[in-house]
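> Handing you a structure now.
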Amino acid sequence: MGWSPGPATVDTETDAWVAAQVGGALEAVFETVAATRADTEALLHRAAAQGRRPASADLAALRPGLHLHLTREELVSGVGFVAAPGLLSDVPAWLEWWQSGADGDVRPLLLDLDPGQSAYSDYTHWDWFALPRDTGLRAVAGPYVDYLCSDEYSLTLSEPVVLQGRFAGVAAADVYLRHFEAAVLPLLRRLPRPAHLVNARGRVAASADPAHLAGSLTRGPDFAELLSAARPGTYGDLRLVPCRGVPLVLVLA
Numbered sequence: 001m002g003w004s005p006g007p008a009t010v011d012t013e014t015d016a017w018v019a020a021q022v023g024g025a026l027e028a029v030f031e032t033v034a035a036t037r038a039d040t041e042a043l044l045h046r047a048a049a050q051g052r053r054p055a056s057a058d059l060a061a062l063r064p065g066l067h068l069h070l071t072r073e074e075l076v077s078g079v080g081f082v083a084a085p086g087l088l089s090d091v092p093a094w095l096e097w098w099q100s101g102a103d104g105d106v107r108p109l110l111l112d113l114d115p116g117q118s119a120y121s122d123y124t125h126w127d128w129f130a131l132p133r134d135t136g137l138r139a140v141a142g143p144y145v146d147y148l149c150s151d152e153y154s155l156t157l158s159e160p161v162v163l164q165g166r167f168a169g170v171a172a173a174d175v176y177l178r179h180f181e182a183a184v185l186p187l188l189r190r191l192p193r194p195a196h197l198v199n200a201r202g203r204v205a206a207s208a209d210p211a212h213l214a215g216s217l218t219r220g221p222d223f224a225e226l227l228s229a230a231r232p233g234t235y236g237d238l239r240l241v242p243c244r245g246v247p248l249v250l251v252l253a
C-alpha cells in the first residue's frame with residue numbers, strides 16, 4: 001500500500017479550504033522567519049565583503065528587527081538566528097535568540113554553550129536545525145517540549161541561511177502549541193471526518209482526532225515526498241492534503 005494522487009471523497013472543496021486556511025495561519029510566521037533570514041544573510045555578506053568572518057557581536061544588528069517581529073506577530077513567541085558550528089570567528093556556536101516573557105517583555109535567551117558544561121551545546125541534531133540544513137527547505141518541527149528556550153510545548157518553524165552558497169545556520173521562530181491549536185482546531189472541527197495535521201516527519205502538530213494526539217507519530221506514506229509533490233492523495237482509507245505553502249499535511253480518516 002502506497003501513497004497515490006487523487007481524491008478519496010467527494011467533499012474535496014472543504015478539505016482544500018481548511019488546508020489553505022492552516023497554511024495561511026503559518027505563512028504569517030514564515031514571513032517573520034524569511035525576514036530574519038534575509039536580514040541575517042545581508043549581515044553575513046557584509047562581513048564577507050570586508051574580507052573577514054562574522055563574529056557574535058555582528059549579530060547584535062539583528063536585534064531591532066527581532067524585537068519588532070515579537071511585538072507584531074501574535075503567534076510568534078521566540079525568533080532569531082542559530083549559527084552553524086564554526087561560522088563565527090569568536091565562538092564555536094551561537095543563538096541570537098529573543099523571546100516574549102509572560103508579562104509581554106522582550107528578553108534574550110542566555111544559554112551556556114560550553115561543550116564541557118551544557119547539554120544544549122550541540123543543537124545540530126534538532127529537527128528545526130537538521131531539516132533545513134539537509135533539505136535546503138523550510139521546516140516545521142515538533143510539537144515538542146522546548147527545554148532549550150521556554151519549557152513550553154512548541155512548534156519551531158525554520159529556514160536555511162546561506163552564505164556564499166554554503167549553509168550558515170537557520171532563521172527560526174517558535175509558536176506555542178496552545179496558540180497554534182487555538183488558531184487551527186476550529187478549522188479541523190469543521191470537517192465531517194476526524195482530522196489531524198502532520199509535519200514532514202509524520203509527527204502530529206495538531207489534532208481533532210482522538211486517535212492521533214498532538215506530538216505522536218502518524219504511520220503512513222513518506223510525508224516529505226507528499227509535500228514535495230504538493231498535491232492531494234490517498235493512503236489506504238486516508239485522504240492527505242498538503243497545506244498551501246507550508247510543510248504540513250492535513251490527514252483525514
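Going by the working numbering, the first residue of the sequence shown is number 1, and it counts up by one from there.
Ideal Cβ positions, reconstructed from N, Cα and C, are used throughout, including at glycine.
Three Cβ pairs or more, each shorter than 8 Å: is that satisfied between the segment 20-29 and the segment 180-196?
Touching, per the Cβ criterion.
> How about Leu300 and Val145: do their beta carbons lie closer than 8 Å?
This structure does not reach residue 300, given that the chain is present from 1 up to 253, and the question cannot be answered.
> Identify whether Arg63 lies in helix, strand or coil by the three-state DSSP scheme.
The answer is helix: DSSP assigns Arg63 an H, G or I state.
> If I measure Cβ to Cβ from Ser89 and keep anything under 6 Å in the same chain, skipping five residues before and after, which residues do I get?
Arg53, Ala55.
> Shortest alpha-carbon distance to Leu213 belongs to which of Ala16, Leu177, Asp222?
Of Ala16, Leu177, Asp222, the residue nearest in Cα terms is Leu177.
> What residue range does the beta strand (DSSP E) around Val161 cover?
Its beta strand (DSSP E) spans residues 153-163.
> So, do the segment 217-229 and the segment 149-164 have three or more beta carbon pairs nearer to each other than 8 Å?
With the cut-off at 8 Å, the segment 217-229 and the segment 149-164 do not touch.
> Indicate whether the contact test is met: 3 or more Cβ pairs, each with one atom in the segment 193-202 and one in the segment 61-73, closer than 8 Å.
Segments in contact, no.
> When you compare each of Arg133, Gln21, Leu157 to Thr36 by their alpha carbons, which one comes out closest?
Closest by alpha carbon: Leu157.
> Which class does Asp209 belong to by DSSP, given the choice of helix, strand or coil?
Note: Asp209 maps to coil in three-state DSSP.
> In the DSSP assignment, find the beta strand (DSSP E) that holds Val184 and state where it starts and stops.
Taken as a continuous stretch (DSSP letters only), Val184 belongs to no beta strand (DSSP E), being part of the alpha helix (DSSP H) at 177-188.
> From Glu13 to Gly86, what distance separates their C-alpha atoms?
Those two C-alpha atoms are separated by around 48 Å.
> Ignore the nearest five residues each way along the sequence and tell me which others in Pro232's own chain have a CB closer than 6 Å to its CB.
Within the same chain, Pro232 has close Cβ partners Val241.
> Mind checking whether Ala173 and Val29 have CB atoms under 8 Å apart?
Yes.
> Provide the residue span of the alpha helix (DSSP H) that contains Trp17, from first to last.
Trp17 -> alpha helix (DSSP H) spans 12-49.
> Closer than 6 Å by C-beta to Val10: which residues in its own chain qualify, once you throw out the five before and the five after it? Chain order, please.
Because the pLDDT of Val10 is 44, which lies under 50, any placement of that residue in the model is unreliable, and the question is left without a value.
> May I ask you to report which of helix, strand or coil DSSP gives Arg126?
It is Trp, not Arg, that sits at residue 126 in the sequence shown. Reduced to three states, the DSSP call for Trp126 is coil.
> Where does Thr234 sit, in a helix, a strand or coil, going by DSSP?
Strand, per DSSP.
> Based on the DSSP secondary-structure assignment, which residues constitute the bridge partners of His196?
His196 is bridged to Ser207, Val251.
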